[in-house]
Every structure is written in structure tokens, then in C-alpha cells.
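J.: Can you keep this structure in mind? I'll have questions shortly.
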Amino acid sequence: MTVIPILLETLPNELLMNIFQYFDARDLFRAFHNLNCRFNRLLRSLRYVCFTLIKFDSNESNDYHIFAPYIYNLVIDHAVNIDLSRFANLHRLTLLSPTSNQLKQVVSNSLDYLEYLSIGYEHFLFSYYIPDLCEKIFSNGFPRLTSCCLFEPRILEIIPKFTQATQLCILKMDNVDLLAYKYILSLCPNLNLFEFTMLNQQDDLINIEPHRNLKKMSIKFPSLMKSFSDCAMNCYLSCVPNLEQLNVCEINFDVTIMVYLNSNWFASLIKKHLPSLRRYKYYIHACGVKQNDENTLNSIKTNFKQIHNQRYQSVLVIKLSHSSLSTD
1 MTVIPILLET LPNELLMNIF QYFDARDLFR AFHNLNCRFN RLLRSLRYVC FTLIKFDSNE
61 SNDYHIFAPY IYNLVIDHAV NIDLSRFANL HRLTLLSPTS NQLKQVVSNS LDYLEYLSIG
121 YEHFLFSYYI PDLCEKIFSN GFPRLTSCCL FEPRILEIIP KFTQATQLCI LKMDNVDLLA
181 YKYILSLCPN LNLFEFTMLN QQDDLINIEP HRNLKKMSIK FPSLMKSFSD CAMNCYLSCV
241 PNLEQLNVCE INFDVTIMVY LNSNWFASLI KKHLPSLRRY KYYIHACGVK QNDENTLNSI
301 KTNFKQIHNQ RYQSVLVIKL SHSSLSTD
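See below:
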């Protein structure tokens with residue numbers, strides 16, 4: 001069988017574009033940039049170029065200016081000195097362990113095309129740019145931002161200072177208490193999805209104006225809460241009448257699985273406040289379980305199904321430290 005060599009330049013544009021998908025952004029531009037006018041046009045036509053910077057390497061962080069204008073999605077996971085002003089087409093930005101300098105650049109650069117922003121826990125000590133960043137996020141400082149993940153705990157101290165409504169549709173946060181929940185709903189009238197970790201249980205009644213656009217909500221409460229009362233959950237559910245999907249995640253350590261036999265799973269509150277609910281998913285992550293009886297687990301599953309009575313799709317997922325059981 002005769003093998004006929006094929007020159008790369010003879011391949012059609014469609015095939016070349018498919019090949020480009022398997023290249024890292026840096027390798028792609030190193031290999032094809034300035035080869036000829038045709039390859040330059042193809043590179044400029046790429047819409048969703050991703051660049052992930054996770055290693056502390058001077059060479060890695062110094063040559064990005066060649067392809068920076070074409071980057072659509074940028075992920076940084078190190079204390080790298082990088083000039084965000086070069087990323088003129090940036091639509092998605094993730095800072096996994098942000099430094100003060102990185103936060104300063106997010107605040108100072110316009111980032112007019114930014115649609116998604118994720119800020120992890122700050123890598124160093126207190127940064128003076130956290131308040132400015134929050135103000136920019138919750139005051140429409142990013143004109144196209146619709147999705148945001150904020151995992152910096154000090155944000156809760158800053159949110160009550162803002163009054164202007166934002167265009168955010170998706171928001172994911174850690175450490176949200178009931179008062180912050182109230183402020184966030186008022187600041188984000190277009191919010192469609194809200195995921196957060198409960199900071200503490202609060203039974204005090206707080207008047208919260210109804211939020212009619214929220215369709216999906218995920219609430220996680222950690223092991224420090226041995227139980228989560230209906231009174232506390234009532235405040236969170238009573239103001240989202242059009243909710244269609246609700247996820248609750250409970251993380252527990254050193255528990256007896258028997259405590260879930262008589263659980264109501266917030267069924268009465270759902271019936272009262274969420275007439276549009278279509279899907280309800282309850283996760284239990286239990287570590288160091290003192291008792292693992294199959295009959296008990298089956299009884300818990302049966303109880304869960306009976307309580308929700310097929311009014312909506314209900315799913316219970318139980319993950320133990322030594323086994324996994326789920327109900328569909």
C-alpha cells in the first residue's frame with residue numbers, strides 16, 4: 001500500500017479548525033501564528049480559545065501577549081503577574097487563588113465583554129480590592145456580566161452597602177446568612193439560579209420581598225448544623241414562589257443514620273410556598289456513620305418517596321463513608 005504524503009497547507013479550513021481544537025492556546029499560536037496569511041486568518045476567526053495558567057513558569061507567563069487578544073476563556077491558578085488589559089476578547093475569567101494584584105486588575109480594567117467571573121479564596125492576607133470588586137460586580141461595572149461565582153467570605157460584609165440592581169442571572173456563593181440572602185435577592189432582580197452555602201441557622205423572622213424570577217436554587221448546610229429547622233428554611237422558601245428546581249445538600253460527620261427516619265424533608269414548606277416546583281433533590285453526605293443498616297436506609301427512601309407523593313420529581317441521594325445509595 002502506497003502512502004501519499006499530504007501537506008498541511010492543502011487541508012481544507014474546516015479540517016484545520018477541527019485540528020486546532022486539540023491544541024493548547026500557547027502551542028497553537030506557537031505552531032501556526034505568522035506562518036502565512038491564511039493561518040493568521042484562521043487563528044483570528046477562532047471564537048472560543050481557552051488558556052489555563054497553573055504553573056509558575058516565567059516562560060509560560062511572558063509570551064501570552066502573542067495570543068492574548070484571541071483568548072475567550074482565561075483560568076489562572078497561581079500568583080502569576082499577568083496583564084489583563086491585553087485580553088481584549090475575554091468573556092470568561094476564573095481566578096482560583098487570586099492575588100491582590102490580580103484583583104486590582106479586575107477592578108481597574110474595563111473587561112467590557114466579560115460574561116462570567118469566578119473568584120476563589122484569596123491566596124494571601126486581606127486585600128483592599130475586595131470592596132471595590134464587589135462594588136463593580138453589584139453596580140453593573142461589568143456591562144455584560146450575567147454569571148458570577150464568589151467564594152470570598154468577606155463579601156458578606158460589603159453587600160449591604162449596595163442599592164443598584166444588577167443584571168446577574170447566575171450567582172454562586174459561600175457563607176450566606178439570611179440577611180445577606182435578603183440583600184442579594186433585592187440586588188439581583190433577574191437572578192435565575194442561586195447556589196450558596198448556609199452560614200448559620202437563624203430562626204428570626206425577616207421580611208423578604210418576593211423574587212419572582214428565581215427558578216433554580218441550591219442550598220448547602222455543613223456539619224456544624226446538626227439540624228435545620230422548618231422555621232429557618234421557611235424564610236428562604238417563602239419569597240421564591242416561582243422556584244422550579246430545589247437542591248438541598250447536607251454534610252454531616254459522626255452521625256447516626258436513624259435520625260433521618262422521621263425527617264419531613266421540608267415537604268410541608270414546599271407544598272405551602274413552591275407551587276411551581278418540578279424537581280427536588282436532597283443530598284446527604286455522611287462520614288463516619290455509626291450505623292449502616294440496609295433496612296434503615298430502605299425505610300428512609302420509602303419515607304422520602306411517600307412524603308413527596310409524586311407531586312414533583314423527587315430524588316434522595318445518600319452517600320456514606322463506606323457505601324453509596326441513591327433513589328431515583
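In terms of UniProt numbering, the sequence shown has 207 at position 207, counting the first letter as 1, and numbering is strictly consecutive.
Beta carbons are placed, not taken as given, at the ideal position from N, Cα and C, and that holds for glycine.
Just how far apart, CA to CA, sit residue 112 and residue 269?
T.: Residue 112 and residue 269: Cα-Cα distance of roughly 42 angstroms.
J.: Using only the alpha-carbon positions, how far apart do residue 118 and residue 19 sit?
T.: Approximately 29 angstroms, taken between the alpha carbons.
J.: Determine, using beta carbons only, whether residue 281 and residue 247 come nearer to each other than 7 angstroms.
T.: In contact: residue 281 and residue 247 (Cβ atoms closer than 7 angstroms).
J.: Tell whether a beta-carbon distance below 7 angstroms holds between residue 304 and residue 320.
T.: Result no, Cβ atoms of residue 304 and residue 320 do not sit closer than 7 angstroms.
J.: Using the Cα positions of residue 92 and residue 48, report the straight-line distance between them to the nearest angstrom.
T.: Computed Cα separation, rounded: 10 angstroms.
J.: Rounding to the nearest angstrom, what Cα-Cα distance links residue 209 and residue 89 in this structure?
T.: Looking at the two C-alpha atoms, the distance is approximately 38 angstroms.
J.: Could you name the residues of the same chain whose beta carbon sits closer than 6 angstroms to that of residue 173, not counting the 5 residues immediately before and after it, in chain order?
T.: Only 150, 196 meet the Cβ criterion.
J.: Could you tell me which of 293, 194, 105 sits nearest to residue 85, measuring between CA atoms?
T.: Ranking 293, 194, 105 by Cα distance to residue 85 puts 105 first.
J.: My guess is that residue 140 and residue 169 are in contact by the Cβ rule of under 8 angstroms, so how many angstroms apart are they, rounded?
T.: Their Cβ separation, rounded to whole angstroms, is 13 angstroms, which puts residue 140 and residue 169 out of contact at 8 angstroms.
J.: Inspect the beta-carbon positions of residue 166 and residue 138 and report whether they are closer than 7 angstroms.
T.: Cβ distance < 7 angstroms, so residue 166 and residue 138 count as in contact.
J.: State yes or no: is the C-beta of residue 51 within less than 7 angstroms of the C-beta of residue 71?
T.: Yes, Cβ-Cβ distance for residue 51 and residue 71 is below 7 angstroms.
J.: In whole angstroms, give me the CA-to-CA distance for residue 64 and residue 164.
T.: Rounded to the nearest angstrom, the two C-alpha atoms are 36 angstroms apart.
J.: Please work out which residues of its chain come closer than 6 angstroms, Cβ to Cβ, to residue 286, disregarding the five sequence neighbours upstream and downstream, and give them in chain order.
T.: 252, 255, 320, listed in sequence order.
J.: Measure the C-alpha to C-alpha separation of residue 134 and residue 27 and round it to an integer number of angstroms.
T.: Each residue's Cα considered, the two are about 35 angstroms apart.
J.: Excluding the 5 residues flanking residue 8 on each side, which residues of the same chain have their C-beta closer than 7 angstroms to its C-beta?
T.: Same-chain partners within the cutoff: there are none.
J.: What is the rounded straight-line gap between the Cα of residue 23 and the Cα of residue 67?
T.: Spanning the two alpha carbons is a distance of roughly 13 angstroms.
J.: Residues in its own chain within less than 8 angstroms of residue 278 by CB, not counting five upstream and five downstream?
T.: Excluding sequence neighbours, residue 278 sits near 244, 245, 312, 313.
J.: Buried or exposed: residue 302, going by 16 or more other Cβ atoms within 10 Å of its Cβ?
T.: The residue in question, residue 302, is exposed, as its Cβ has fewer than 16 Cβ neighbours within 10 Å.
J.: Could you tell me whether the Cβ atoms of residue 206 and residue 178 are closer together than 7 angstroms?
T.: Cβ distance < 7 angstroms, so residue 206 and residue 178 count as in contact.
J.: Helix, strand or coil for residue 282 per DSSP?
T.: Residue 282: strand per DSSP, three-state reduction.
J.: Rounding to the nearest angstrom, what Cα-Cα distance links residue 193 and residue 215 in this structure?
T.: Distance between the alpha carbons of residue 193 and residue 215 is about 6 angstroms.
J.: Taking the continuous alpha helix (DSSP H) assigned at residue 108, which residues delimit it?
T.: 100-108 is the span of the alpha helix (DSSP H), which, as asked, contains residue 108.
J.: For residue 147, write down the residues that DSSP places opposite it in a beta bridge.
T.: Residue 147 pairs with 116, 170.
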